[in-house]
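Keeping their order, the protein sequence lines are chains A and B. Numbering-wise (full-length UniProt numbering), the first sequence opens with residue 1 and increments by one. Numbering-wise (full-length UniProt numbering), the second sequence opens with residue 1 and increments by one. Glycine is no exception: its CB is placed at the ideal position from the N, C-alpha and C atoms. Note that the structure is predicted; figures quoted are calculated from it, not measured. Here's the structure we're looking at; comments come further down.
There are 2 protein chains.
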Amino acid sequence: MLPFKTLIHLDRSLPVPVFVQLSNQLGQLIRAGTLTPGQRLPGTRQLAELLDLNRQTIVASYDEGVAQGWLESRSGSGTYVADYFPEVKPQRLIVKNSQAASDRNRGTTEQPGYAFERLDFLARPVLTNQDGLRLDDGFPDSRLAPMDELSRAYRSYFRWGNPQKHFGYGDTKGHPLLREQLSIYLNETRGLQTTPENVLITRGSIMGLHLASQVLLRPGDVVVTGETTWAGATMNFRKTGATVLSVPVDEHGLDIDQLAIYCENQPIRMVFVTPHHHYPTTVTLQPGRRVRLLQLAEQYGFAILEDDYDYDFHYLSRPILPLASADRQGMVVYVGSLTKSVAPAFRVGYVVGPTALIDELARLRRIIDRQGDPMLEFAIGQLFKTGDMKRHFRKTLRTYHARRDHFCALLTSELPDAVQFNKPDGGLAVWARFDPKLNMEAMAQRAAQEGLTLANGLFHNPPGQQLNGTRLGFASSSEDELEQSVAVLRRVI
Amino acid sequence: MLPFKTLIHLDRSLPVPVFVQLSNQLGQLIRAGTLTPGQRLPGTRQLAELLDLNRQTIVASYDEGVAQGWLESRSGSGTYVADYFPEVKPQRLIVKNSQAASDRNRGTTEQPGYAFERLDFLARPVLTNQDGLRLDDGFPDSRLAPMDELSRAYRSYFRWGNPQKHFGYGDTKGHPLLREQLSIYLNETRGLQTTPENVLITRGSIMGLHLASQVLLRPGDVVVTGETTWAGATMNFRKTGATVLSVPVDEHGLDIDQLAIYCENQPIRMVFVTPHHHYPTTVTLQPGRRVRLLQLAEQYGFAILEDDYDYDFHYLSRPILPLASADRQGMVVYVGSLTKSVAPAFRVGYVVGPTALIDELARLRRIIDRQGDPMLEFAIGQLFKTGDMKRHFRKTLRTYHARRDHFCALLTSELPDAVQFNKPDGGLAVWARFDPKLNMEAMAQRAAQEGLTLANGLFHNPPGQQLNGTRLGFASSSEDELEQSVAVLRRVI
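Structure below.
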């Protein structure tokens, strides 16, 4: 008999039950070839004595192996390693003489056997949350997320109703409760008048931008954006084969005069705008320009794609309502997100529009992603219904307001000459322009060495221009962390 | 003073705290115009007496209103309705004289003010889980999902580590734990040899099909599928502007001779195949045809898109390994899903391929959906690691095996003349062909009246053909429910 006492190592301090540990280790012995197909295992009593375990533990462990298919119980004879072991011997996906395998062996990127075209415009840096200090792109502070309320709502979803409906295939447009609650919330806070049928739930605002781009744009169509703007949007426009034109952005937002000139010279299909706070510069589109933009849309028949991802973060007593609230002819596709209001990992966004558009967006969404996450959508809908969500919004807004004020005061007092900025009226980041002589890339690298994550801002540069600007997100850091971050910044500039 | 006692209705039996109820109702009175901007509210002591509440409840309720911004506390003077009430008076999104509003008033679909093209090929029925009896498309039984294990893993994710990283922006390719565990699992069960870098986590298999289609296909490219096949795939091919050709499917799967003829006559970009169990007919691709298909791919340089969504459900002792396991030249893009193995609402799927392809798929995914759900991906990764997932697979497999046998026996004994079928070797549904004289639509309607949901199967018909077939899913029903469903079927045929 095999020396099981030497081969099997059980640890009662682990959270995994002992019978499962034993069963897994028997599986490993089979995979390793130590136990072979058809081999008889010791009797349960015998193995219990050998391993100093209760016999029931051995029985449970053998049963587990039988359930998993790699042990067989033969009545009156004992337990055997299955003749056919379903976990097959691995084979290489791609063998040595193939391109991919030789790439892998050289440690380079593996290439497939068929040709495919890479889209170079998709090669943009992806910003993620890191450990340590941060002045990020304008991320929220996930430590403030209403986790207790969310997890309570999750639990009620898990416990209530018909599991086949709750965890089965549902509505591509989103959970009915969230569509209803979002419709109410958007009407109350943004001056829209929607019904739930006007609301499509998406995964974050980017899915809304993607679906709207794919449905509204065809190759050769012209889209106008501000210079510069969010790459997540322009990459989507370019993916459709559309041509992207840009107009300047000044302290009052998009240059609408330039847009009018474009309109006279060619058909425009769509204008992309974030009137509340333009990305990356955080400026607000002036009311007069808003009215003209809507007039141009009506006159020339283009769609306005309004990305209002940070409307819920405004530090003036009276935010300017979105364009969609003044839209009289159905020109605006309104896109928003809750990811920044709750936490980025909770991927819930929305698109608002006439039902004919919502229907078509949903049809497209269906072939990409079938449906959203009904647990999450229900939980967020429930938090709107109980008022917890609005309470959370108010509380985080006060916190971010204080952080903005503190951060801007720090920049002014600690870095008076190095950084130019305007205190933003809303949003989660400051647009900071550094001394043109400063090497932004080197500065970001020095900051990283001191534990501060900071984007070098090079991706904000339009072709041929050197803005020497970057976004400094203040919302995800406590006031204490902001002080430490500014101290690092001061040292590395 | 207003008659607060009549206006306010509090219910202690509700789960919402009384102070929140009061605060919400005050908010509603403001929205309704009963309380007006600048109006002074009763003192806390006075309102407490009026409503027969503890004074602290009133204080908490007023504080809540202040926190939400629609009450103002003026020191030494009391609590007032805010002069500016941030929940603005709703305006119509689209007013009367616009097309959309007049559509809405007529109860028809609202049209936007800009033109857009609808893609008619996206208008296919969407199958969802319903209450009552069901013989569905092959849905899993969500009642069997490992909810306790999942919710334990969720809790550990919520409690452990840095919330900014856990709930912030993460890796577009998926949670590292799940990529690692899936790589191991796929190597063990499917004979692949992958590293985690070869695995992209998606939302269900359909996102894998979408991404692969968008990256590999360009307008005018030719894709070959079986006739008939899953519409979720063909809609994705057509969305790219590709031309979809089909080859017949017989009892051994795709007709590879016909494919070879196509290859001689034109460039083929991609072949779509589900070798394990073709949809909808459940046939398995014969080993000889698999070898030829791979040879043709190498010879002509086309990609094979292998949708192996139900490999985990096989009722023979030795399933045939996927094409990807025999792929020597990196011709196969391998797509799979866990949604049917856990429950459809838990949207986790994957694509396996060489790293150059995985990188490009992830870049595209980023502009659609940024990232997946890290909580869910971690939880499922954890269940693989502990062995819970495999245990769950084995247990559901046994259950579905028994349900398949029971259901097929019922069809044979109860409907001997009305239904033709072959007992499927795997998967969750039987492909049933009914008497050509039977009106499938009328039958499905009669069944619905008797509480049984059943697809009429018309969407499986190729143009000009009348298959009179539909899929009868047995997995989501208990044996008792299957008996009731077959009894209904017998009555309505």
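- Within the DSSP secondary-structure output, residue 246(B) pairs in a beta bridge with 225(B).
- For residue 172(A), the residues of chain B that pass the 7 Å Cβ criterion are 126, in the order they occur in the chain.
- Contact check for residue 269(A) against residue 233(A) fails: the beta carbons are separated by 8 Å or more.
- Under the Cβ criterion of 8 Å, residue 74(B) is not counted among the residues facing chain A.
- Proximity of chain B to residue 109(A) at the Cβ level (cut-off 9 Å) is accounted for by 354, 355, 356, 359, in chain order.
- Not one beta carbon of chain B lies nearer than 8 Å to the beta carbon of residue 133(A).
- For residue 151(A), the closest Cβ of chain B is nearer than 8 Å.
- Residue 348(B) and residue 274(B) have their alpha carbons spaced roughly 19 Å apart.
- At a cut-off of 8 Å between beta carbons, residue 312(B) makes no contact with chain A.
- One thing to note: residue 394(A) has its Cβ within 8 Å of the Cβ of residue 69(B).
- Within the same chain, Cβ atoms closer than 6 Å to the Cβ of residue 407(A) are found at 474, 482, the five residues on either side in sequence being excluded.
- Less than 8 Å divides the Cβ of residue 391(B) from the Cβ of residue 64(A).
- Taking each of 163(A), 402(A), 153(A) in turn and checking the Cα distance to residue 177(A), the smallest one comes out for 153(A).
- Residues 434, 435, 493 of the same chain have their beta carbon placed closer than 7 Å to that of residue 418(B), with the five preceding and five following residues left out of the count.
- If you compare the alpha carbons of 41(A), 14(A), 302(A) with that of residue 1(A), the shortest gap goes to 41(A).
- Excluding five sequence positions before and after residue 215(A), the CB atoms of its chain that fall closer than 8 Å to its own CB belong to 357, 360, 361, 364, given in chain order.
- If you draw a 10 Å sphere on the C-beta of residue 442(B), you find fewer than 16 other C-beta atoms in it, and that means exposed.
- The C-alpha of residue 203(A) is placed about 22 Å away from the C-alpha of residue 148(A).
- For residue 201(B) against residue 173(B), the beta-carbon gap comes to about 7 Å, under 8 Å, which counts as contact.
- Within the same chain, 146, 149 come within 7 Å of residue 388(B) by CB-CB distance, once the 5 residues on both sides are set aside.
- When C-alpha distances from residue 463(B) are compared across 411(B), 263(B), 45(B), 228(B), the shortest belongs to 228(B).
- By alpha-carbon distance to residue 424(A), the top candidate from 451(A), 337(A), 35(A), 283(A) is 283(A).
- Between the stretch 306-325 of chain A and the stretch 184-193 of chain A, the count of Cβ pairs shorter than 8 Å is three or higher; the stretches touch.
- The beta carbon of residue 292(B) sits closer than 8 Å to those of 256, 260, all from its chain and outside the five residues before and after it, given in chain order.
- Pairing residue 453(B) with residue 460(B) gives a Cβ-Cβ distance that is not under 8 Å.
- For residue 403(B), the CB contacts under 8 Å within the same chain, skipping 5 residues up- and downstream, are 474, 475, 477, 478, 479, 482 in chain order.
- Residues of the stretch 262-274 of chain B with a C-beta less than 7 Å from any C-beta of chain A: none at all.
- Exposed is the label assigned to residue 126(A), since fewer than 16 other Cβ atoms lie within 10 Å of its Cβ.
- In this structure, residue 72(B) and residue 62(B) do not form a Cβ contact; the two beta carbons are roughly 10 Å apart against a cut-off of 8 Å.
- Annotated as proximal: residue 343(A) and residue 167(B), with beta-carbon spacing under 8 Å.
- Residue 487(A) and residue 372(B) have their C-alpha atoms roughly 35 Å apart.
- In the three-state scheme derived from DSSP, where H, G and I count as helix and E and B as strand, residue 349(A) is classed as strand.
- By the criterion of a C-beta distance shorter than 7 Å, residue 352(B) is surrounded in its chain by 186, 192, 194, 198, 199, 324, 334, once the five residues flanking it on both sides are discounted.
- Contacts between residue 370(B) and chain A, judged by CB atoms closer than 9 Å, involve 126, 203, 204, 206, 207, 232, 339, 344, 347 in chain order.
- Note on residue 5(B): under 16 other CB atoms within 10 angstroms of its CB, so exposed under the neighbour-count rule.
- A distance below 8 Å separates the beta carbons of residue 326(B) and residue 290(B).
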